[in-house]
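Enquirer:
In our numbering, the protein residues as written are 3 to 303.
Spelled out as structure tokens, the structure:
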């Protein structure tokens, strides 16, 4: 028997006008939902994040990821299952028109003090399928900020509408060597520059930013003396509406792709059961999984 996801228990403190928020998500590729986490929750998740980050403080690790920071799986701690199925987050997704979101994976995204800006990128991996060029989002990133975040300490930058329209950045990103970008081997590259059509998204601790994975996004440098920590969780907003081979792509474990949904071994059974209820159902049809494809083609124009 499939477990049911915990029902919505508490509303958002001041829910935004959902029609306007959905319109922004569809047309510009992002939406900001204030006050999703209370300050006690922010403190709790900050402590859990510190526990995950502690082993990755070495100089070698930081040099390897200087332009992006720490990107570590939140499933290293079962306490994050509460965030994955957070009632107010699920309520926000419902308000935006997504009644059956399914969790894929999540990371602790930490930028140390005085570290450079993160490079421009987009996170879509199914550009070979026509569904990637439709207005409706097929994969979303939910980003929770655990400190007040501004351009001074590394807030998000986005290029509105770049999820549906080609931008000059799509070309230098085609086939880019991500490890080289993470090390910031060439700070003069177009992917590290500012653009007149970019928008900064400063937020308060506990706010939620929802981003279409196709949207070009980056961060400002963290020029402050404190760490900037955020939690980024990937969801499929409407799993049953996906074409079969895209569903297979997200749920069949092929090759060495560790980003597909899983339940960690050794988790307490209660936490494991709650996580299973939030994952997409395994695809059982005959369609071959869609190959991993990270660059849009001429259909993005």
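Virtual Cβ for every residue (Gly too), placed ideally from N, Cα, C. Being a predicted model, the structure only gives us computed values, none of them experimental.
Counting C-beta neighbours from all protein chains within 10 Å, is the total for residue 179 16 or more, i.e. buried, or is it exposed?
Expert: Taking the chain shown and counting its residues from 1, one reaches residue 179 at position 177. It counts as exposed.
Enquirer: Return the chain-ordered list of same chain residues with a C-beta closer than 7 Å to the C-beta of residue 273, the five sequence neighbours on each side being excluded.
Expert: Your numbering for residue 273 matches position 271 in the chain shown. Closer than 7 Å at Cβ, skipping near neighbours: 80, 83.
Enquirer: Quick check: the region 198-212 against the region 28-45, are at least 3 beta-carbon pairs closer than 8 Å?
Expert: The region 28-45, when compared against the region 198-212, does touch it at the 8 Å Cβ threshold.
Enquirer: What is the DSSP secondary structure of residue 253, reduced to helix, strand or coil?
Expert: On the chain shown, position 251 is the one that residue 253 refers to. Note: residue 253 maps to helix in three-state DSSP.
Enquirer: Are the beta-carbon atoms belonging to residue 239 and residue 106 less than 7 Å from one another?
Expert: Position 237 of the chain shown, counting from 1, holds the residue named residue 239. Position 104 of the chain shown, counting from 1, holds the residue named residue 106. Contact: no.
Enquirer: Smallest Cα separation from residue 264: which of 31, 277, 21?
Expert: Position 262 of the chain shown, counted from the first residue, corresponds to residue 264. Ranking 31, 277, 21 by Cα distance to residue 264 puts 277 first.
Enquirer: Given a cut-off of 7 Å, decide if residue 235 and residue 144 are closer than it, judged by their beta-carbon atoms.
Expert: Taking the first residue of the chain shown as 1, we reach residue 144 at position 142. Taking the first residue of the chain shown as 1, we reach residue 235 at position 233. Contact annotation: residue 144 and residue 235 have beta-carbon atoms nearer than 7 Å.
Enquirer: Mind checking which residues open and close the alpha helix (DSSP H) that includes residue 180?
Expert: Here residue 180 corresponds to residue number 178 of the chain shown, with the count starting at 1. Taken as a continuous stretch (DSSP letters only), the alpha helix (DSSP H) holding residue 180 covers 180-185.
Enquirer: Contact defined as beta carbons within less than 8 Å: I believe residue 233 pairs with residue 51. What is the distance between those atoms, to the nearest angstrom?
Expert: Taking the chain shown and counting its residues from 1, one reaches residue 233 at position 231. Taking the chain shown and counting its residues from 1, one reaches residue 51 at position 49. Residue 233 to residue 51, Cβ: 7 Å. Contact.
Enquirer: State yes or no: is the beta carbon of residue 219 nearer than 7 Å to at least one beta carbon in chain D?
Expert: Note that chain D does not occur in the displayed structure, where there is just one protein chain.
Enquirer: If you draw a straight line from the C-alpha of residue 164 to the C-alpha of residue 140, how long is it?
Expert: Position 162 of the chain shown, counting from 1, holds the residue named residue 164. Position 138 of the chain shown, counting from 1, holds the residue named residue 140. Approximately 15 Å between the Cα atoms of the pair.
Enquirer: Between which two residues does the beta strand (DSSP E) harbouring residue 220 extend?
Expert: The residue labelled residue 220 in the question sits at position 218 within the chain shown. Element bounds for residue 220: 219-221.
Enquirer: Which of the three DSSP states, helix, strand or coil, is assigned to residue 190?
Expert: Residue mapping note: residue 190 aligns to position 188 of the chain shown, counting from 1. It is coil, neither helix nor strand.
Enquirer: On the three-state DSSP scale, how would you describe residue 108?
Expert: Locating residue 108 in the chain shown gives position 106, counting from the first residue. DSSP places residue 108 in strand when its eight states are reduced to three.
Enquirer: May I ask you to report which of helix, strand or coil DSSP gives residue 238?
Expert: To locate residue 238, count along the chain shown from 1; it is residue 236. Of the three classes helix, strand and coil, the one that applies to residue 238 here is strand, per DSSP.
Enquirer: Residue 212 by DSSP, collapsed to three states: which one?
Expert: In the chain shown, residue 212 corresponds to position 210, counting from 1. In this structure, residue 212 counts as strand in the three-state DSSP scheme.
Enquirer: If you measure between the beta carbons of residue 71 and residue 113, is that distance less than 7 Å?
Expert: Here residue 71 refers to the residue found at position 69 of the chain shown. Here residue 113 refers to the residue found at position 111 of the chain shown. Cβ atoms of residue 71 and residue 113: closer than 7 Å.
Enquirer: My output table needs one value for residue 30: the three-state DSSP class, helix, strand or coil.
Expert: The count along the chain shown starts at 1 and reaches residue 30 at position 28. Three-state DSSP puts residue 30 in a helix.
Enquirer: Is residue 302 near residue 176, with beta carbons less than 7 Å apart?
Expert: Against the chain shown, residue 302 aligns to sequence position 300. Against the chain shown, residue 176 aligns to sequence position 174. No, Cβ-Cβ distance for residue 302 and residue 176 is not below 7 Å.
Enquirer: So, do the region 121-135 and the region 290-302 have three or more beta carbon pairs nearer to each other than 8 Å?
Expert: yes
Enquirer: Whole-angstrom Cβ separation of residue 171 and residue 198, contact assumed at under 8 Å?
Expert: Mapped onto the chain shown, residue 171 falls at position 169. Mapped onto the chain shown, residue 198 falls at position 196. No, residue 171 and residue 198 are not in contact; Cβ-Cβ is about 13 Å, not under 8 Å.
Enquirer: Helix, strand or coil for residue 258 per DSSP?
Expert: Residue mapping note: residue 258 aligns to position 256 of the chain shown, counting from 1. Interpretation of residue 258 is limited by its pLDDT of 40, a score under 50 that renders its predicted location unreliable; the figure taken from the coordinates is listed afterwards. Residue state, collapsed to three classes: coil.
Enquirer: Can residue 216 and residue 124 be called in contact, C-beta distance under 7 Å?
Expert: For the purposes of this step, residue 216 is taken as residue 214 along the chain shown, with counting starting at 1. For the purposes of this step, residue 124 is taken as residue 122 along the chain shown, with counting starting at 1. Yes; because the gap between Cβ atoms is below 7 Å, this pair is in contact.
Enquirer: Would residue 200 and residue 159 be called neighbours here (beta carbons separated by less than 7 Å)?
Expert: For the purposes of this step, residue 200 is identified with residue 198 of the chain shown, where counting begins at 1. For the purposes of this step, residue 159 is identified with residue 157 of the chain shown, where counting begins at 1. Their beta carbons are under 7 Å apart, which means residue 200 touches residue 159 by this criterion.
Enquirer: Return the residue from the list 281, 288, 296 that minimises the CA-CA distance to residue 104.
Expert: By one-based count along the chain shown, residue 104 stands at place 102. It is 281.
Enquirer: Taking the alpha-carbon positions, what's the residue 20 to residue 187 distance?
Expert: Mapped onto the chain shown, residue 20 falls at position 18. Mapped onto the chain shown, residue 187 falls at position 185. The alpha-carbon atoms of residue 20 and residue 187 are separated by roughly 42 Å.
Enquirer: May I ask which residues mark the beginning and end of the beta strand (DSSP E) holding residue 309?
Expert: Missing from the structure shown is residue 309; the chain here goes from 3 to 303 and no further.
Enquirer: Considering Cα atoms alone, identify which of 203, 190, 85 is closest to residue 315.
Expert: The requested residue 315 does not occur in the structure, where the chain is confined to residues 3 to 303.
Enquirer: Hey, how far is the Cα of residue 244 from the Cα of residue 227?
Expert: Looking up residue 244 in the chain shown gives position 242. Looking up residue 227 in the chain shown gives position 225. In a straight line, the C-alpha of residue 244 is about 44 Å away from that of residue 227.
Enquirer: Span of the beta strand (DSSP E) holding residue 44?
Expert: On the chain shown, residue 44 is found 42 positions in, with the first residue counted as 1. Element bounds for residue 44: not the beta strand (DSSP E) but the alpha helix (DSSP H), 41-55.
Enquirer: Report yes if the C-beta distance between residue 203 and residue 161 is below 7 Å; otherwise report no.
Expert: Sequence index remark: in the chain shown, residue 203 carries index 201 (1-based). Sequence index remark: in the chain shown, residue 161 carries index 159 (1-based). No, the Cβ-Cβ distance between residue 203 and residue 161 is not below 7 Å.
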